[in-house]
Amino acid sequence: RRPIDGQRGSHRGGRHRLKESAAIIRTTSLGAPVAQQPFHTRKRTPTETLTMPACKSLLLAACVASLVASQASAKVQFMKVLPEPGSGQQETIIIKNVGEKPVDLTGWSVVDKSQRAMNSYWFGGDSMTMTPQPVKWCSNWTKIEADQELTLRPFNRDRFSSAFDPCGFRFKLGYDGQLEIRNKDKKPVDIVAWSKAKPGMAVYRVGNDFIPFVENQDLKTSIRSAPVLSTFAKALHSTGLLDELLKEGADIKVEKDSWMAKHLARKGYEKTYYKGPWTVFAPSDAAFQEFMKEMGWMGMTLTEAELLAMPELEEILKYHIVLGQEWSSGLRDGTGVLSMKDGAEVSVFHGDAGEFLIHDNCVDRPSPDNFGCEMQAEWKKCDEDWVKDDGLFSGRPLGYCERSCGRCTCEGDQCGRADVYDISSSNGVLHVIDKVLYPAPVYEKPAAQWRSKAEMEAEMNGGAKDLKSIMTEGQ
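When you read off a place in the sequence shown, starting at 1, and then add 5, the result is the number in our numbering.
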């Protein structure tokens with residue numbers, strides 16, 4: 006195992022997928038979906054597998070069911086459904102092309118099987134009777150590129166409404182439902198079903214299952230109510246972090262001259278207390294099980310009680326909590342964000358197939374000057390021998406500025422993967438990952454490196470903020 010100081014030891018095995026779910030309904034081995042009933046009231050078929058008992062979430066007070074895709078080769082899949090919007094939300098269906106080639110959606114539809122009639126959405130436009138009728142401004146909805154997502158919302162022809170959407174679906178989602186994506190041959194390629202949905206509760210795809218998450222609540226509520234985050238929730242509660250940081254309205258004091266004060270000041274935040282937002286990389290229960298195996302002695306697995314008693318647990322958990330609200334789409338490849346574990350960097354990458362990956366040992370050892378790694382990378386210094394010193398002076402095998410210079414990779418099991426991401430909350434955003442991260446080492450930056458890029462450029466320009474001010478100075 007790798008100690009908390011960031012020295013990497015043995016790696017865990019290959020990546021895994023979340024398997025837990027609340028009241029999951031699966032297909033049989035022949036691909037035929039079983040009846041949509043709660044598990045505790047129906048008899049399972051011999052070929053059916055069950056990954057978790059019926060819903061245990063007290064906060065959700067609902068059983069959300071899912072059906073696996075009826076065709077294993079489906080390339081267009083449901084990724085998220087928000088059937089019962091909360092305050093400020095809209096009904097939402099998100100689909101994605103998980104294949105490697107574009108898909109022509111002409112003639113494709115989304116059908117609400119819970120309704121007998123008036124239950125179809127046609128890509129490219131439809132009529133008031135929900136039959137195909139091409140609409141010119143909906144033509145861009147007839148093709149979905151590889152790795153592209155399409156977000157569908159309710160039809161609204163009011164041009165003066167903020168919800169204006171002439172290409173939306175006309176049927177009503179709700180408390181119970183079942184949706185199918187059908188191809189041009191009218192054959193279903195993916196299915197999702199839910200029951201007893203509560204306001205603000207969305208179902209997200211995780212592998213072949215759909216997991217319920219509460220949106221539009223604080224991070225504390227979202228984490229505690231998620232069926233696959235029970236261990237993470239218990240760990241946060243035992244260390245006090247759940248209430249100290251993630252509860253709505255909680256604030257922490259920004260100590261003068263601390264890394265946090267310097268980081269926030271660089272972003273223009275000068276208040277003495279910080280109330281969020283936060284970004285949480287939440288390891289799943291399966292990720293914690295793998296972590297507990299790895300941390301055990303002589304092949305034994307830690308018990309939950311032993312996990313919660315670990316003296317370094319709070320530091321590990323803080324590394325999963327990041328300042329600011331970081332959405333997956335807003336993070337460039339190789340972006341470093343600062344965690345609550347003394348400002349230790351968490352690095353984010355995007356895989357070739359669009360995966361959202363998190364690296365816990367890709368950090369910038371600051372260059373020995375007053376300008377920092379961002380400027381060195383911009384000045385194209387990354388390939389110079391003093392930067393790539395193989396650890397001679399930097400103490401890092403990849404040399405100085407490894408993240409900013411793009412020398413880190415996510416090969417093998419170096420990175421965790423976000424199987425569910427961008428779960429919105431009132432005080433931040435939640436990403437569910439398949440690995441417990443080890444805190445990366447923290448390197449002290451010279452005071453000058455906490456300045457913004459504009460401030461450093463101003464210093465190099467003799468105090469002028471930009472070229473225009475240089476040329477006009479003294480006029």
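Just so you know, even glycine gets a beta-carbon here, dropped at the ideal spot from N, CA and C.
Given the structure is predicted, the values throughout are model-derived calculations rather than measurements.
Identify, in the order they occur along the chain, each residue of the same chain with its Cβ nearer than 6 Å to the Cβ of residue 220, setting aside the five sequence neighbours on each side. In its chain, beyond the 5 residues on either side, 205, 207 and 429 have a beta carbon closer than 6 Å to the beta carbon of residue 220.
In the DSSP assignment, find the unbroken alpha helix (DSSP H) run with residue 323 in it and report its ends. Taken as a continuous stretch (DSSP letters only), the alpha helix (DSSP H) holding residue 323 covers 318-323.
Can you check the stretch 169-236 for any alpha helix (DSSP H) of at least 4 residues that lies completely inside it and give the ranges in chain order? Fully enclosed alpha helix (DSSP H) runs of no fewer than 4 residues occupy 224-230 of the stretch 169-236, in order along the chain.
I want to check one thing, is the minimum distance from the CB of residue 390 to the heavy atoms of the ligand HEM below 6 Å? By its list of ligands, the structure shown contains no ligand whatsoever, and the ligand HEM lies outside what it can speak to.
Classification of residue 128 by the beta-carbon crowding that lies within 10 angstroms, buried from 16 upward: By the C-beta density criterion, residue 128 is buried, having at least 16 other C-beta atoms within 10 angstroms.
Would you identify the three-state DSSP class for residue 420, choosing helix, strand or coil? Looking at residue 420 - three-state DSSP - the assignment turns out to be strand.
Around the C-beta of residue 149, are 16 or more other C-beta atoms found within 10 angstroms, so that it is buried, or is it exposed? If you draw a 10 Å sphere on the C-beta of residue 149, you find 16 or more other C-beta atoms in it, and that means buried.
I think residue 322 touches residue 246, with their Cβ atoms under 8 Å apart; what is that distance to the nearest whole Å? So it is a contact: roughly 6 Å between Cβ atoms.
Start and end residues, beta strand (DSSP E) containing residue 286: Its beta strand (DSSP E) spans residues 283-288.
Element boundaries [beta strand (DSSP E), containing residue 85]: Its beta strand (DSSP E) spans residues 81-89.
For residue 63, three-class secondary structure by DSSP: Confidence at residue 63 is low in this model, with a pLDDT of 29, below 50, so its placement is unreliable and the value that follows should be read with caution. Note: residue 63 maps to coil in three-state DSSP.
Can you pull the DSSP bridge partners for residue 159? Answer by DSSP bridge pairing, in chain order: 174.
Could you give the distance in angstroms between the alpha-carbon of residue 165 and the alpha-carbon of residue 334? One alpha carbon belongs to residue 165, the other to residue 334, and they sit about 28 Å apart.
Who are residue 355's beta bridge partners in DSSP? Under DSSP, the beta-bridge partners assigned to residue 355 are 361.
How should residue 12 be labelled, buried or exposed, when 16 other C-beta atoms within 10 angstroms of its C-beta is the threshold for buried? Note that residue 12 scores a pLDDT of 40, beneath 50, so its modelled location is shaky; the value from the coordinates is reported in the next line. The residue in question, residue 12, is exposed, as its Cβ has fewer than 16 Cβ neighbours within 10 Å.
Going by DSSP, what residues sit across from residue 433 in a beta bridge? Bridge partners of residue 433: 283 and 430.
Can you give me the Cβ contacts of residue 173 inside the same chain, cut-off strictly under 7 Å, excluding the 5 residues immediately before and after it? Cβ neighbours of residue 173 within its own chain (closer than 7 Å, five residues either side excluded): 157, 158, 159, 160 and 161.
Can you pull the DSSP bridge partners for residue 350? 343, per the DSSP bridge assignment.
Secondary structure at residue 366, three-state DSSP: helix, strand or coil? If DSSP states are grouped into helix, strand and coil, residue 366 belongs with coil.
Residues that DSSP places opposite residue 115 in a beta bridge: Note: residue 115 sits in a beta bridge opposite 126 and 186.
Taking its Cβ as the centre, do 16 or more other Cβ atoms sit within 10 Å of residue 398, making it buried, or is it exposed? The residue is exposed, with fewer than 16 neighbouring Cβ atoms inside 10 Å.
Taking all protein chains shown into account, decide if residue 186 is buried (16 or more other Cβ within 10 angstroms of its Cβ) or exposed. The residue is buried, with at least 16 neighbouring Cβ atoms inside 10 Å.
Please classify residue 123 as buried or exposed, where buried requires at least 16 other C-beta atoms within 10 Å of its C-beta. Residue environment analysis places residue 123 among the exposed positions, since fewer than 16 neighbouring C-beta atoms fall within 10 angstroms of its C-beta.
Alpha carbons only, please: which of 231, 314 and 409 is nearest the one belonging to residue 380? When each option's Cα is compared against that of residue 380, the closest is 409.
Specify the secondary structure class of residue 147 as computed by DSSP and reduced to three states. In the structure shown, residue 147 adopts coil according to DSSP, grouped into three states.
As assigned by DSSP and simplified to three states, the class of residue 109: Residue 109: strand per DSSP, three-state reduction.
Between residue 189 and residue 136, what straight-line distance do the alpha-carbon atoms span, to the nearest angstrom? Approximately 13 Å, taken between the alpha carbons.
Which residues DSSP lists as bridging residue 102, in chain order: Answer is 81, bridged to residue 102.
Measure the alpha-carbon distance for residue 97 versus residue 387 and round it to whole angstroms. Whole-angstrom Cα-Cα distance: 44 Å.
Look up residue 336 in the DSSP assignment and say whether it is helix, strand or coil. Correct three-state label for residue 336: coil.
Touch check for the stretch 84-91 and the stretch 168-182: three-plus C-beta pairs under 8 Å? By the Cβ test, the stretch 84-91 is in contact with the stretch 168-182, since at least three Cβ pairs between them sit closer than 8 Å.
Ordered along the chain, which non-local residues of its own chain (more than five positions away) have a Cβ less than 7 Å from that of residue 63? Confidence is the limiting factor: at residue 63 the pLDDT is only 29, short of 50, which leaves the residue's position unreliable and the question unanswerable from this model.
Taking C-beta to C-beta, are residue 315 and residue 306 nearer than 7 Å? Not a contact, by the Cβ cut-off of 7 Å.
Please go through the same chain and pick out, in chain order, the residues whose beta-carbon is closer than 7 Å to the beta-carbon of residue 343, but skip the five residues on each side of it. Excluding positions up to five away in sequence, the list reads 268, 327, 328 and 350.
C-alpha distance - residue 449 paired with residue 274, whole-angstrom precision: Cα to Cα, the separation comes out at about 21 Å.
Kindly give me the distance between the Cβ atoms of residue 415 and residue 354, rounded to whole angstroms, as I take these residues to be in contact under 8 Å. With a Cβ gap of about 5 Å, residue 415 and residue 354 count as contacting.
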